[in-house]
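Some notes on the structure that comes next.
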Amino acid sequence: MPKRYFKNVLSDNGDILSNCSDAFWKGKINYLVESISINASSSDEQILYIGTSGIAYMFYHLATSDKFKNESEIFLNKAITVLQLKGDIFYPKSNGKFLCGDAGINAVNASIYHLIGDSKMAEMYLTHFKKGVADYRLTNLTEKDELFVGRAGYLYGVLWLEKVFGKKIVADQDIFELCSAIVESGRKYSVRNKSIFPLMYSYYGKEYLGAAHGLSTIIQVLLSFPQFIEKEPQTKQDIKNCIDIMKSLQTSNGNFPTKMPILESKQRSEEDELVHWCHGAPGVIYLFAKAYLVFKDPSYLECCLKCGDLVWTKGLLKKGPGICHGIAGNGYVFLLLYRLTGDKKHLNRALKFGEFIFTDECIQRSRKPDHLYSLYEGLAGTVCYLTDLIQPEKASFPFLDV
Ligand code: GSH
Numbered sequence: 049m050p051k052r053y054f055k056n057v058l059s060d061n062g063d064i065l066s067n068c069s070d071a072f073w074k075g076k077i078n079y080l081v082e083s084i085s086i087n088a089s090s091s092d093e094q095i096l097y098i099g100t101s102g103i104a105y106m107f108y109h110l111a112t113s114d115k116f117k118n119e120s121e122i123f124l125n126k127a128i129t130v131l132q133l134k135g136d137i138f139y140p141k142s143n144g145k146f147l148c149g150d151a152g153i154n155a156v157n158a159s160i161y162h163l164i165g166d167s168k169m170a171e172m173y174l175t176h177f178k179k180g181v182a183d184y185r186l187t188n189l190t191e192k193d194e195l196f197v198g199r200a201g202y203l204y205g206v207l208w209l210e211k212v213f214g215k216k217i218v219a220d221q222d223i224f225e226l227c228s229a230i231v232e233s234g235r236k237y238s239v240r241n242k243s244i245f246p247l248m249y250s251y252y253g254k255e256y257l258g259a260a261h262g263l264s265t266i267i268q269v270l271l272s273f274p275q276f277i278e279k280e281p282q283t284k285q286d287i288k289n290c291i292d293i294m295k296s297l298q299t300s301n302g303n304f305p306t307k308m309p310i311l312e313s314k315q316r317s318e319e320d321e322l323v324h325w326c327h328g329a330p331g332v333i334y335l336f337a338k339a340y341l342v343f344k345d346p347s348y349l350e351c352c353l354k355c356g357d358l359v360w361t362k363g364l365l366k367k368g369p370g371i372c373h374g375i376a377g378n379g380y381v382f383l384l385l386y387r388l389t390g391d392k393k394h395l396n397r398a399l400k401f402g403e404f405i406f407t408d409e410c411i412q413r414s415r416k417p418d419h420l421y422s423l424y425e426g427l428a429g430t431v432c433y434l435t436d437l438i439q440p441e442k443a444s445f446p447f448l449d450v
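Oh and the sequence shown: position 92 is 140 in this note's numbering, straight run, nothing missing.
If you want it as structure tokens, here you go:
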């Protein structure tokens, strides 16, 4: 029996889609939401990743879903209640950390107040979000570039807010400055450390490749600002080279190494390979999906499809139902592939992963996450996933999708 995942014996046939109705999924969602609502106040944290702000985001996600039109007001009220759990405070100086800091909290708060029509509060939180840019001006530490606490995370926040508000949030000049800082820091690190990638970064001494702290989400966010990458041909070329080198590292089963340098094969144990959103193919796939849309290179789509097959085989993780290193996060891979290809096979896979979360085998033999109700480790992320299962065309991994 594999150590990290449940053996997948689910039916892989897109011709016979799961017959679970919207009502079935809504029942599951409401059941989980009830338990999250009761327990939200027990969280010690406020950050998006494991705190109350992530739970408020889940309510925002539900409130903006067409499938929950009739319950929208109830979910919005719950979102406000949860975001106020840690006090409705305004930071004298808000930091720019997104998944693990103030910028993420400010972004979600702004969006919730915007949705209830309180433009004064929404603008107030946006102002605090914008202050975060200053955080990244003063330093050239490479730890400041990645997703959780660095420039890349802040830029994902900008992209998300622009979608929510339908307008520019941060001045182009600031965006260019952040993107340039990321590129410069990556070039310097790469030269200093003789990296095979023209842009490379380290997080507390580790050259991660995957979504959490790693190169893939950094390159993906740069690709999301075409006005920046089109400005400098050398930058565009460096980004493209990073993507191609990353592609060459995809293993025969479709995964990616977690970090550089790559271990000799005898040191690399199949048993220990990580197939999580945070490390491995389920997170790196978003880079290749974005690269496919930007460069139209079919080999990038093939790379995504290989990620999908790996996740289908090894993705029913025993770590729990969350999105960072859990089944819901891996299920999002299939929702992405469904949107990219329109092939029902992927939608079937996503639905099967969703159903598996509620099986006795999964419930009884999975590890309980440390932050059971949170967005990234726990059930709030699961609820976002289940909601997206019934609106697959609109599905999107929280904040990071292409
Ligand atoms: N504290 C987490 C939880 O309760 O859900 C578990 C920690 C975890 O799984 N961390 C991820 C990981 O890949 C990175 S975010 N850990 C290393 C491993 O699984 O070997």
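Ideal Cβ placement from N, Cα and C applies to all residues, glycine included. The structure displayed is predicted, hence computed values, not measured ones.
Could you pull out every residue in the same chain whose Cβ sits closer than 6 angstroms to the Cβ of residue i, ignoring the five residues on either side in sequence?
i	result
phenylalanine 177	Ala151, Asn154 and Ala155
methionine 308	Glu255
leucine 349	Tyr340
phenylalanine 445	Tyr380
tyrosine 202	Gly144, Phe146, Ala151 and Gly180
Using three-state DSSP, classify residue i as helix, strand or coil.
i	result
methionine 49	coil
leucine 247	coil
glutamate 409	helix
leucine 65	coil
leucine 322	coil
glutamate 232	helix
leucine 364	coil
glutamate 210	helix
tyrosine 256	strand
lysine 288	helix
lysine 216	coil
lysine 307	strand
isoleucine 98	coil
asparagine 78	helix
histidine 327	coil
arginine 240	helix
isoleucine 164	coil
lysine 295	helix
glutamate 225	helix
lysine 344	coil
histidine 261	coil
asparagine 301	coil
cysteine 432	helix
aspartate 173	It is tyrosine, not aspartate, that sits at residue 173 in the sequence shown. Tyrosine 173: helix per DSSP, three-state reduction.
asparagine 56	coil
cysteine 355	helix
For residue i, collect the residues of the same chain with a Cβ closer than 8 angstroms to its Cβ; drop the 5 residues on either side in sequence, then sort them by chain order.
i	result
phenylalanine 455	Not covered by the structure: residue 455. The range shown for the chain is 49 to 450.
serine 83	Tyr421 and Leu427
threonine 112	Ser120 and Leu163
Please work out which residues of its chain come closer than 7 angstroms, Cβ to Cβ, to residue i, disregarding the five sequence neighbours upstream and downstream, and give them in chain order.
i	result
phenylalanine 224	Phe276
asparagine 303	Glu321, Val323, Gly328, Ala329 and Leu358
asparagine 125	none
glutamate 210	Lys216 and Ile217
glycine 214	none
phenylalanine 273	Ile223 and Cys227
On a Cα-Cα basis, can you pick out the residue from the options that is closest to residue i?
i	options	result
lysine 392	Ile64, Met172 and Val269	Ile64
tyrosine 421	Pro369, Leu207 and Gly402	Pro369
phenylalanine 54	Gly429, Gln412 and Pro440	Gln412
aspartate 92	Ala111, Gln132 and Thr100	Thr100
isoleucine 375	Lys215, Ile266, Tyr386 and Phe404	Phe404
leucine 163	Arg199, Tyr105, Asp193 and Gly363	Tyr105
leucine 270	Trp360, Ala200 and Ser83	Ala200
glutamate 232	Ile293, Ile267 and Val212	Ile267
glycine 180	Gly198, Val239 and Ile128	Gly198
serine 89	Val57, Leu311 and Val130	Val130
leucine 335	Leu364, Tyr108, Thr265 and Ile77	Thr265
glutamine 32	Met169, Asn61, Thr389 and Ser120	The question about residue 32 has no answer here: the residues shown for the chain are numbered 49 through 450.
lysine 236	Leu110, Leu174, Arg397 and Asp286	Asp286
phenylalanine 401	Trp360, Asp408 and Asp183	Trp360
asparagine 87	Gly75, Ile103 and Leu385	Ile103
leucine 110	Ala443, Gly234 and Asp418	Ala443
tryptophan 73	Glu441, Lys416, His419 and Leu399	Leu399
leucine 134	Ile122, Asn157 and Ser69	Note that residue 134 corresponds to lysine in the displayed sequence, not to leucine. Answer by Cα proximity: Asn157.
glycine 258	Lys284, Val206, His373 and Lys279	His373
tyrosine 424	Cys355, Trp325 and Cys410	Trp325
phenylalanine 107	Ile160, Lys242 and Gly62	Ile160
isoleucine 291	Met248, Lys362 and Lys211	Met248
aspartate 436	Asn56, Asp70, Asn61 and Pro246	Asp70
threonine 430	Ser250, Tyr184, Lys367 and Glu409	Lys367
tyrosine 433	Asn378, Leu388, Asn289 and Ser347	Asn378
glycine 331	Asp345, Pro50 and Cys351	Cys351
glutamine 94	His419, Leu58 and Thr407	His419
For the ligand HEM, any of its heavy atoms closer than 8 angstroms to the Cβ of residue i?
i	result
arginine 415	The ligand HEM is not part of this structure, which contains only the ligand GSH.
Shell residues, 6 angstroms Cβ cut-off relative to heavy atoms of the ligand GSH: Ala260, Leu322, His324, Cys326, His327, Lys367, Gly368, Cys372, His373, Pro417, Asp418 and Glu425
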